[in-house]
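Chemist:
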Amino acid sequence: MIDIVLKITLVLLAIAMLGLTYRLVKGPTTPDRVIALDAMGVNLVSIAAILSILLNTSNFLDIILLIGILAFIGTVAFAKFLEKGEIIEYDRDQ
Amino acid sequence: MEILMCIVAGLLFAAAVYLMLSKSLLRIIVGTGLLSHGTHLMLLTMGGLKTGAAPVLGENTASYTDPIPQALILTAIVISFGVTAVFLVIAYRAYQELGTDNMDQLKGTEADD
Amino acid sequence: MKTNDVIFQTIAKVVFFMIIFFAVHLFFAGHYHPGGGFVGGLLTSGAIVLLMLAFDMKTIKKGFLIDFKWLISLGLLFSAGTAAGSLIFNVPFFTHAYDYFQLPLFGKTSLHTAMLFDLGVYLVVIGVTMTIIQTIGESE
Amino acid sequence: MSLLHWAILAPFIMAACVPFVRKKATAIHTGWFVLILPLVLFVSFLQYLPVTMKNDSIMQTADWIPSLGINFTAYVDGLSLLFVLLITGIGALVVLYSIYYLSKTKESLQHFYVYLLMFMGAMLGVVLSDNVITLYMFWELTSISSFLLIAYWFDRDRSRYGALKSMLITVFGGLMMLGGFLVLSIMGNTFSIRELAAQAPELNNHPLFLLAMILILFGAFTKSAQFPFYIWLPDAMEAPTPVSAYLHSATMVKAGIYLVARFSPIFAFSGYWFWIVGTVGLFTMVWASFNAVKQTDLKGILAFSTVSQLGLIMSLLGAGSAALHFDSLDDNLYTAAVIAAVFHLINHATFKGSLFMVTGIIDHETGTRDIRRLGGLMSLMPITFTLSVIGAFSMAGLPPFNGFLSKEMFLLSMVQLAELDLFNLETWGLLFPVLAWIGSVFTFIYSMIIVFRVFGGKFQPEKLEKKPHEAPFGMLISPIVLASLVILFGLFPNLLSYSLIQPAAASIVPSIIPNGGQLDVHISFWHGFTTEFMMTIGVVIIGIILYKFLPKWIGMYDYFPGKVTLNNLYNASLYTAERGSHSLTKSYMTGFIRSYLVYIFAFFITILGFTIWVKGAFRFDSSNTASIGFYEVGLVIVLLIATATILIAKSRLTSIISLGAVGYSVSLFFIIFRAPDLALTQLVIETVSTALFLLCFYHLPKLSRHEEKRRFQIGNAVIAAGVGLIVALIGISAHSTKLFPSINEYYIKNTYTKAGGENMVNVILVDFRGFDTLFEIAVLSVAALGIYGLIKLRLEKGGEQNENE
Amino acid sequence: MINLPVLPILIPLIAAIVLLFVSKSILAQRVVSVIASASTVVSAMILMAKVKSDGIQTVDMGSWPAPFGITLVSDMLSILLVLTASIITLCVVLYSFRSIGNGRERFYYYPIVQFLLLGVNGSFTTGDIFNLFVFFEIMLMSSYVLIVIGGTKIQLRESIKYILVNVISSAIFVIAVGFLYSVTGSLNMAHISARISEISTEPIITVLAVLFLIIFGLKGAIFPLYFWLPGSYAAPPAPILALFGSLLTKVGIYAILRTYTLFFYHDQPFTHDLMSLLALLTIVAGVIGALAYRDVKQILIYNIVIAVGVLLFGIATMTEESIAGTVFYLIHDMIIKAALFLLGGMIIYIAGTSNLTKMGGLIRQYPALGWTFLLASFGLAGIPPLSGFSGKLLIVRSGFSEGEYVGAIVVLLSSLAVLYSVVNLFMEAFWKTPETPLPDVKKRTGSLFIPAASLVLLSVLYGVGTEAVYPYVMQAVQTLIHPEIYIDAVLKE
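Chains as they are written, first to last, in full-length UniProt numbering: chain X, 1 to 94; chain L, 1 to 113; chain B, 1 to 140; chain E, 1 to 805; chain Y, 1 to 493.
(1) Helix, strand or coil for Y/Gln57? Go by DSSP, reduced to three states.
(2) Run down chain X in chain order and give the residues with a C-beta less than 8 Å from the C-beta of L/Ala62.
(3) Rounded to whole angstroms, what's the CA-CA distance from Y/Arg98 to Y/Ser354? Just pull it up for me.
(4) Taking all protein chains shown into account, decide if E/Glu202 is buried (16 or more other Cβ within 10 angstroms of its Cβ) or exposed.
(5) Residues in its own chain within less than 8 Å of E/Thr73 by CB, not counting five upstream and five downstream?
(6) Work out the CA separation of E/Lys165 and E/Ala577 for me, nearest whole Å.
(7) What are the residues of the region 46 to 60 of chain L that lie near chain X, defined by any Cβ-Cβ distance shorter than 8 Å?
(8) Using the rule of at least 16 other Cβ atoms within 10 Å of the residue's Cβ for burial, across every protein chain shown, is E/Gly528 buried or exposed?
(9) Near E/Leu435, which residues of its chain fall below 6 Å by C-beta distance, leaving aside the five closest residues on each side in sequence?
(10) Write down the C-beta distance between E/Ala236 and E/Ile371 rounded to the nearest angstrom, noting that I regard them as a contact closer than 8 Å.
(11) Going by Cα to Cα distance, which pick from E/Ser651, E/Ala392 and E/Glu686 is closest to E/Ser667?
(12) Measuring only the C-alpha atoms, how far is E/Ala720 from E/Gly660?
(13) Is the region 175 to 187 of chain Y touching the region 7 to 22 of chain Y, taking contact as three or more C-beta pairs under 8 Å?
(14) Relative to the C-alpha of Y/Val308, which candidate in Y/Gly220, Y/Ser43 and Y/Leu132 has its C-alpha closest?
(15) Nearest chain L C-beta to B/Ile48 closer than 8 Å, yes or no?
(16) Would you list the residues sitting across from L/Ala53 in a DSSP beta bridge?
(17) At 4 residues or longer, what runs of the alpha helix (DSSP H) sit wholly inside the region 570 to 623 of chain E?
(18) Taking C-beta to C-beta, are B/Leu42 and B/Thr135 nearer than 8 Å?
(19) Could you give the distance in angstroms between the alpha-carbon of L/Glu110 and the alpha-carbon of Y/Asp128?
(20) Quick check: E/Pro11 and E/Gly179, are their CB atoms within less than 8 Å of each other?
(21) For Y/Phe223, which residues from the same chain have a beta carbon less than 7 Å from its beta carbon, with the 5 sequence-adjacent residues on both sides left out?
(22) Can you tell me whether DSSP reads X/Asn59 as helix, strand or coil?
(23) The alpha helix (DSSP H) spanning Y/Ile473 covers which residue range?
(24) Which whole-angstrom value describes the C-beta separation of Y/Ser322 and Y/Leu394, a residue pair presumed to lie in contact below a C-beta threshold of 8 Å?
(25) Looking only at its own chain, which residues have a Cβ that is under 8 Å from the Cβ of X/Phe60, when we skip the five neighbours before and after it?
(26) Roughly how many angstroms separate the alpha carbons of Y/Ile87 and Y/Val327, rounded to a whole number?
(27) By DSSP, does Y/Ile149 sit in helix, in strand, or in coil?
(28) Can you confirm whether B/Phe78, when its beta carbon is compared against all beta carbons of chain L, has any partner nearer than 8 Å?
(29) Would you mind telling me which residues of chain B sit closer than 7 Å to E/Asp130, beta carbon to beta carbon, in chain order?
(30) What would DSSP say about E/Ser704, mapped onto helix, strand or coil?
(31) I'd like the list of long-range same chain contacts for B/Ala114, defined as Cβ closer than 6 Å, with 5 residues on each side in sequence excluded.
(32) Count the other CB atoms within 10 Å of the CB of residue 815 of chain E; is the residue buried (16 or more) or exposed (fewer)?
(33) If the cut is a Cβ gap below 7 Å, which residues of chain Y does L/Arg93 touch?
(34) Name the chain L residues that come within less than 9 Å of B/His33, Cβ to Cβ?
(35) List the endpoints of the continuous beta strand (DSSP E) containing E/Tyr75.
(36) Between E/Phe610 and B/Ile60, what straight-line distance do the alpha-carbon atoms span, to the nearest angstrom?
Right, dumping it as structure tokens:
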């Protein structure tokens, strides 16, 4: 039973991925794309988690955490890029 | 699944080749990125897919997937990361020095050697 | 344009340590669970990059005091040294040794020279990523 | 190493000493020092005469590369001894002559003598070697030393041109000859000429026989300047005159003759040999003598005359091969041709050597060699005049000089050929005497030109740079010696008969000489009103008439198309080779990386496609494949859409983000395919790479897509599709042909027990295959250092100045 | 010392690490580089003596038995090549002192050269197909950096092409390893060889053979995969070019030689004939290129292509004799190419240009350079007794005996083209009267000349002393002709 539910969820997530990909491609603005990318990160976390349950393994837990961290850094970086047009400043006092 | 992945890898290769044949340096480098993705997927496929649990001992399972391609891919990923980084920086410097990222203008002739 | 990044900077400091801990965890877990020197190293650099995002390159450089290129050499020395250690015992190059020890605090732990090797990998990866990012960052 | 070996090496050792002598003893002309060597060698080789006169030989072997069968084997028989004496004898005279010819203050004598000694050693090596490989080595060395000597005055364009030309042609022949030697060695399984000759009958029936023969003849014909390879010889006249006298008339060009003579025992039985050697030689003789007449440069005439005379000797050797078809020596007319060849070889060296030296004297004293500016020197330079008369008349075949005798013998041999009923000679035989006679007529004419245009006629001092007078005595010694030999051999030919000629001829046709037997070599001055004598008279009469009316018919040379000469062919082919390859190279080395990639991928597709098709290598086996889930298909679609987005993306940001999306999808696949370590690494790496992309391309122009022609796009698409198809096909086939169990079982079993870990992938990385990882981080380190250097180090100067500090 | 085969790889690695630590001082870098290179040479010599007396030396990395771990295999072929590569590197390092410039020296030139040597030596030694890829990568990565170090315009421009081509070939290499793994289930070369010989008729093996030919052909610059080479090699300065010209393409050739004698010898009518055809086309292409340019670098670079063709023809003929010739010629070509590029570098340095039409008359001021160059040219063309001869002799002879008449003659005539191109170069640079008179002051070239001339001397000795080298080469050939020797040594059966 739970298997079927999980698999359906996976399919739904895959559809969500498709939608997000559409947004990523279409844009039209960069913030749209960044948000799509961030959401994809959340999606990835979900997929990894569900797969962990399906495969009955704890090996993917690290991945989930990692995706979380990366998505965070990525979003922050993009946010900064959008705001300042630069990701890493050399010396911000100048 | 393996057949499907072979096709996917083939498509990635095709896309990569198409990009590498274009004029824009950026597209070329993106092409190399795609190429390495295709390579890794193909390598993984060659070990057989989903034939068992993840290759980590300790879980009760009868079989594991082939760890060798995974280890090889890991090495390959890291190496292609290094290459991509160098390539990118060279492209960046080339753009700085030569003022273009159009490969047609980067052809160079004996005259200016 | 000077912007106020206080919240971001404060969070970054905290998250930095969280990521570092996770990275160290991944590194140590490597032999038994997914992870290892590569991911650990990359994630550590990720943490440093987060700091760079929040602050700036110069501050970070001052804060870290070490030249990342030196870190590369050190890492290579660790890895190559571990591998070459076997030369002293006249066993084939790269032969690792390990044993289980009863350590206080950790309990029964295996000490493995492969860990030392992986430490080298970890250091090199940090050194490499940071050198690349720093160099490119500075050139702008 | 025996004395014989040291004799060959002595010139090289001497050559090494020359620069020191030149430096230390500046007061004395270096030539005096050098002169010792050929004299000593000449005298010491004379001691072998008794041996060879008995048709015996001496062989000394020193190991060089015995494993490959290459040994330094020195071998003295009649033929080699004859050549050795020529080389050292003429060598001594030439060195003596050069002492007066080359100023010790103005010229770089050390170079001259080093080259000359190198040549002498190389030539000795050629004629004394038994091993074909050693022979080839010395052969090439003669080409090289000739190259250096021709380019002695390397400032002159003509010198360099001539040097290169001679080297290209002779080395070409040398290489072909090497090929022939190798084929021979395959047939006979040895590199030794003697051993090969011993197997001659078996070799004759070998399928490779003809190939070997033709390849070796290439060597002989190029070196001996036979048609059509003779063109290098006239240009070689840029060398100092002593060199021309030595290399380009007396010795080096005879190496080809030597080769033909040396290999006669192996090849001469074949009809091909007879025809090729005989006709090429004869044709060369006629053609060159015909061309000599129109030359205006004195050395040019001599060059063509040399070519012609070499052709004469060659044709005699060809004719002589007919002798092998007779079992006994009795009634064997054709040994006469061989004897004539050897005799003329000696004679040619004497009269042509003296003529060259005379030319050198004229050049030296008047400052020109152009016969249009010379004339009337008879009274000013009486000794020189006498010498040139002796030389030229001997060349023309007039009595009482040695040239007369050998020319008679030549005509006789050609007449006899017409009567031979071998090799289809019945039909074509008559051509031989006719051509020989025509050649002789022209020979007569140009010989007369040499004498009478220079010494007869009107003296034209206004056209000369210097005031001519007789040469210093030292310079005259050598030509006088040679001219005396011309007369001596003319009057007493039998001085040579059994000492030199018989042994040499016997080495050429050993198979028909019974053990202990000898060829009959009795050369008589007068032998009645024979056909050949009548022919000589005809030559003289017609020759005189034609010479008298030369101005009337010299114009006919203009009818020959000036552009279709072999020389122009050579020049044009070099030019075409250079220009043609330049434009060809330009056409494909476009500098566009796209073109190169197209070549590479096109090759990839065609050759692999061809292989798969021909070998029927495609396999499709879906029996042991994993199932496909719906969500997996979904992910595949995501991946492909992201990929497609890159292809059509207009902005760089889109393509970079899409690449990131592809990367994340790949890591998702890694999760699905149970590869947690991969997924972890891929995720982080993808993030870092994307960041790097953004960092690096921050400064790039917004619109980085350059519009491409539709034609290109379609072409690209086709190639891309082809590559993808091939990769997928091979992938599927490879997956469907899993023939062996993987070695991975070992890792699964031993990860915990032997390596003390649980995560197989990581244990493989740091332990089982840690060696890979060690160098993988090294790769990363190099990349980082490279990037650091790239950004920080900026040498402003162009690439070429990098050689400077 | 059971780890002897590791040393030629380990010493450069350690040296590189030490060099990274002392990167601040140029003097220290030079000293360490020389010491390290010299000790690599010494260790290679010791190893060679060992291989000579005891046969193939193997070390199982990490004590994991073959085929499960990575095994280093020093057979005679690999150690000969390792020794040659190490000697060349030593000479190039010495040459670099005065020619490469302080800028590059400060930016890790020396450690990267050591990494390059490490990659080359590793490629020659490893017995594992994936490890070969890793060593290729380290070699390539070093070459990427070396080709672009200094960052001049032309270097940047050409390095892009160079990297792109190599990225492609690396990618194909990885998937080819994957295919091979899928079919044979192993990565150890000896093991793969043993397994392939059981299934020799499988058509997929032929396909893989062609695939590997393409991969290594891209590195080794065979027709029609060599187009990237002339442009890219012309970019870096002479010492780097010498390393590239003498080592990198030869690694590709080595890999072809190794795989085609160890794995892919079962379908010779197809694979080797294909290779033979490509070899001849490569020669022709190289000749066309060498004749096309009036530029020191280009002429020498196209000579690389010609040599590659000759070597490939030797491999394609695939008899004991031709393989022996190939090994002889391979070593010769490495030495003489390095020497010629170094000498060519001196010519360019003295004349201030690499364009032949703009130089001339150097012989008066630099006679030693001129004659050494001419000697090296003759060596390159294979004039006996210089070094190129014995190899070419064997290759041509076996070509004739195998009935490949056209091929043998093409190889022979390629010598003529080689001779023409280099002698023409010599005449233009040294003999021709220059358009502008040369400056009176001689440039100091002693420290450049000595390493270059010692390579020429080595090449001459190699040629004259062929007999001394012969047993070594034949030992190498035995392993190549009889793969079971290799397999037994590695798998210890």
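The beta-carbon is built from N, C-alpha and C at its ideal position, and this holds for glycine as well. The structure presented is a predicted model; accordingly, all values stated were derived computationally and were not measured.
Modeler: Taking the coordinates as given:
(1) Under the three-state reduction of DSSP, Y/Gln57 is assigned to strand.
(2) Neighbours of L/Ala62 in chain X, taken as residues whose beta carbon is under 8 Å from its own, are absent, since the nearest beta carbon is some 13 Å off.
(3) Y/Arg98 and Y/Ser354 have their C-alpha atoms roughly 19 Å apart.
(4) It is exposed - the Cβ of E/Glu202 has fewer than 16 other Cβ atoms within 10 Å.
(5) Taken in chain order, the residues that qualify are Met59, Gln60, Thr61, Ala62, Ser129, Asp130, Asn131, Thr134 and Ser192.
(6) Their backbone Cα atoms lie some 14 Å apart in a straight line.
(7) Identification of residues in the region 46 to 60 of chain L having a C-beta nearer than 8 Å to some C-beta of chain X yields Ala53, Ala54, Val56 and Glu59, given in sequence order.
(8) Looking at its Cβ environment, which holds fewer than 16 other Cβ atoms inside 10 Å, E/Gly528 is exposed.
(9) In the same chain as E/Leu435, and ignoring 5 residues on each side of it, the C-beta atoms closer than 6 Å to its own belong to Leu282 and Val286, in chain order.
(10) About 19 Å separates the two Cβ atoms, so there is no contact after all.
(11) Answer by Cα proximity: E/Glu686.
(12) Straight-line Cα distance between these residues: approximately 22 Å.
(13) Taking 8 Å as the limit for Cβ pairs, the verdict is that the region 7 to 22 of chain Y does not touch the region 175 to 187 of chain Y.
(14) The closest CA to that of Y/Val308, considering only Y/Gly220, Y/Ser43 and Y/Leu132, is found on Y/Gly220.
(15) So no, B/Ile48 is outside the interface.
(16) According to DSSP, L/Ala53 bridges with L/Tyr64.
(17) Counting only runs of 4 or more, we get 581 to 588 and 593 to 615.
(18) Taking 8 Å as the Cβ cut-off, B/Leu42 and B/Thr135 do not qualify as a contacting pair.
(19) Note that L/Glu110 scores a pLDDT of 44, beneath 50, so its modelled location is shaky; the value from the coordinates is reported in the next line. L/Glu110 and Y/Asp128 have their C-alpha atoms some 41 Å from each other.
(20) No, the Cβ-Cβ distance between E/Pro11 and E/Gly179 is not below 8 Å.
(21) Take Y/Phe223, set aside five residues on each side of it, and the residues of its chain with a beta-carbon closer than 7 Å to its own are Leu278, Leu281, Thr282 and Ala285, in chain order.
(22) In the three-state reduction of the DSSP assignment, X/Asn59 falls in the coil class.
(23) Here the sequence assigns Val to residue 473 of chain Y, which means Ile is not the residue at that position. Per DSSP, Y/Val473 belongs to the alpha helix (DSSP H) from Thr466 to Ile481.
(24) Yes, they are in contact, since the Cβ atoms of Y/Ser322 and Y/Leu394 sit about 6 Å apart, within 8 Å.
(25) Cβ neighbours of X/Phe60 beyond the five flanking positions: Ala48, Ala49, Leu51 and Ser52.
(26) Cα to Cα, the separation comes out at about 17 Å.
(27) DSSP places Y/Ile149 in the coil class of the three-state scheme, outside both helix and strand.
(28) B/Phe78 has a beta carbon lying at 8 Å or more from every beta carbon in chain L.
(29) Within 7 Å Cβ-Cβ: nothing; E/Asp130 doesn't reach chain B, min ~53 Å.
(30) For E/Ser704, the predicted structure reports a pLDDT of 48, less than 50, and the residue's modelled location is therefore unreliable. The matter cannot be settled from this model.
(31) If the five residues before and after B/Ala114 are omitted, its C-beta is found closer than 6 Å to the C-beta atoms of His96, all from its own chain and listed in chain order.
(32) Nothing about residue 815 of chain E can be reported from this structure: the residues present for chain E run from 1 to 805 only.
(33) Against chain Y, a Cβ distance below 7 Å from L/Arg93 picks out Gly151 and Leu156.
(34) Ordered by position in chain L, the residues that pass the 9 Å Cβ test against B/His33 are Val56 and Gly58.
(35) Segment Ile70 to Val76, the beta strand (DSSP E) holding E/Tyr75.
(36) When the Cα atoms are used, E/Phe610 and B/Ile60 turn out to be separated by approximately 58 Å.
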